[in-house]
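Following: one structure in structure tokens, then a few remarks.
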Amino acid sequence: MGIRGMLRAAVLLLLIRTWLAESNDPSPIPKFHFEFSSDVPDVVLNLFNCKNCANEVVVQKILDRVLSRYDVRLRPNFGGAPVPVRVSIYVSSIGQISEISMDYTITMFFHQTWKDSRLSYFETNLNLTLDYRMHEKLWVPDCYFLNSKDAFVHDVTVENRMFQLHPDGTMRYGIRLTTTAACSLDLHKFPLDKQSCKLEVESYGYTVEDIMLSWEDDGNAIRMTEDLHIPQFSFLGRTITSKEVYFYTGSYMRLILKFQVQREVNSHLVQVYWPTVLTTIVSWISFWMNYSSSAARVTIGLTSILVLTTIDSHLRDTLPNVSCIKAIDIYILVCFFFVFLSLLEYVYINYLFFSEGPRRHRRRHRRPRRVIARYRYQEVVVGNVQ
Ligand SMILES: *[C@@H]1O[C@H](CO)[C@@H](O)[C@H](O)[C@H]1NC(C)=O
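Heads up: the sequence shown runs through residues -21 to -1, 1 to 365, numbered per mature numbering (1 follows the signal peptide of the UniProt record, and there is no 0).
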């Protein structure tokens, strides 16, 4: 039989197959996976085995076959070597980094990839995309975020989960979630500080003997949107690391994503630095005032102190009550000191003026008495002569 004859046979078999597939006959699945001798062109093979087409019935059969023997409670390769689970993250936004509650909010697409040979299929070459309804039916790794305070998977309009199954049983599982993660900020240099926040991923129950977590190794384990914008901060960079940690239940792989941000000082420049600088300069106006206009000089000094106190207490409202001394505290203290010195200068001037005044006054009183005394003396002398 030549190529032409074989092609004809293939087309005929394909027709029969389509006919069988379309009829709702519960007859056993026809076995189309024939082995041809190696001189048959791939085109024919593909045509015959329908490697690049997948109709509803074929996929339905794949899923039924695969899931019928599937035990969702057991991890892939149960009892054997640990399953390598590769993790990648696509960050879609990073929300407010809060100093008060020491945390930040991050929204991301969290992807995990592993191989579950129980799910492999040969009927087609295509990847199968499955949705959130498969979540209960398939085994998934039990990853959690170590430092998260709160997290949820988005569920509008349906739960944001997806599964992508490849013919060899490789599973890509993606969820879109938002988590609020703890991030302890070091505020010593506030507001000129750089911060680094972490996101730690770990398997909750499976030790390294069951699951080997690792970052996706193609260099883009972490990707971010182009227009990532963090309020009040500018993004500096990120690093990924992993380490093994030991608990009394066993040792676990921990994946750590760390990103560095720098605070943008502009808003503090407008809200704190410029007002305090101007207030301090205003308190120096009193140096050019007449020393006798005490009302004006004292008012300027005290008002400056009040303005500084107000700015300081307003600033304190937006910051946690931590014991560390922040850079801005020292700055405001220095402003206070200058204003205080300018008030002190007035007090000194006042002292010089009023201490000089009464003494001269007293002297003026004393002089006539001395004159009178001399006069009396002279009087007495004159009296003696007489
Ligand atoms: C299935 O997915 C893999 C990995 O994403 C890709 O390389 C491959 O081309 C896909 N197969 C098909 C038939 O699209």
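The C-beta atom is built at its ideal place from N, Cα and C for all residues, glycine as well.
Being a predicted model, the structure only gives us computed values, none of them experimental.
- Taking DSSP as the reference, what is the three-state secondary structure of D43? helix
- Taking V66 and A200 to be in contact with their CB atoms under 8 Å, please state how far apart those CB atoms are, rounded to whole angstroms. 7 Å
- Item | Straight-line gap, V277 to R295 (C-alpha atoms, nearest Å) | 27 Å
- In terms of alpha-carbon separation, which member of A275, F332, L107 lies closest to V45? L107
- Query: Any heavy atom of ligand 1 closer than 7 Å to the CB of L105?
  - Reply: yes
- Task: Flag H90 as yes when its Cβ comes closer than 7 Å to any non-hydrogen atom of ligand 1, and as no otherwise.
- Result: no
- Message: For ligand 1, is there any heavy atom lying closer than 7 Å to the beta carbon of H114?
- Response: no
- Query: Just reading off the alpha helix (DSSP H) that G280 is part of, what are its end residues?
  - Reply: 273 to 296
- Please confirm whether S230 and V180 have their CB atoms less than 8 Å apart. no
- Quick one: what does DSSP say H247 is sitting in, helix, strand or coil? helix
- Query: Can you find a CB in chain C that lies within less than 8 Å of the CB of L320?
  - Reply: No chain C is present in this structure, which holds just one protein chain.
- Task: Can you have a look at D182 and say buried or exposed, based on whether 16 or more other CB atoms are within 10 angstroms of its CB?
- Result: Residue 182 is actually Ser in this sequence, not Asp. So S182 counts as buried.
- Query: Just curious, the alpha helix (DSSP H) that A253 is in, first and last residue?
  - Reply: Contrary to the premise, residue 253 reads as Trp rather than Ala in this sequence. Taken as a continuous stretch (DSSP letters only), the alpha helix (DSSP H) holding W253 covers 253 to 262.
- Looking at C-alpha atoms only, which residue of A(-12), I311, I304, N300 is the closest neighbour of L248? I311
- Task: Report buried or exposed for T159, applying the criterion of at least 16 other Cβ atoms within 10 angstroms of its Cβ.
- Result: buried
- Message: Going residue by residue through the region 68 to 118, where are the continuous beta strand (DSSP E) segments of at least 3 residues, counting only ones entirely within it?
- Response: 82 to 94, 107 to 110
- Message: For P63, list the residues DSSP reports as bridge partners.
- Response: M191
- Buried or exposed for I260, please, with buried defined as at least 16 other CB atoms from any protein chain shown within 10 angstroms of its CB. exposed
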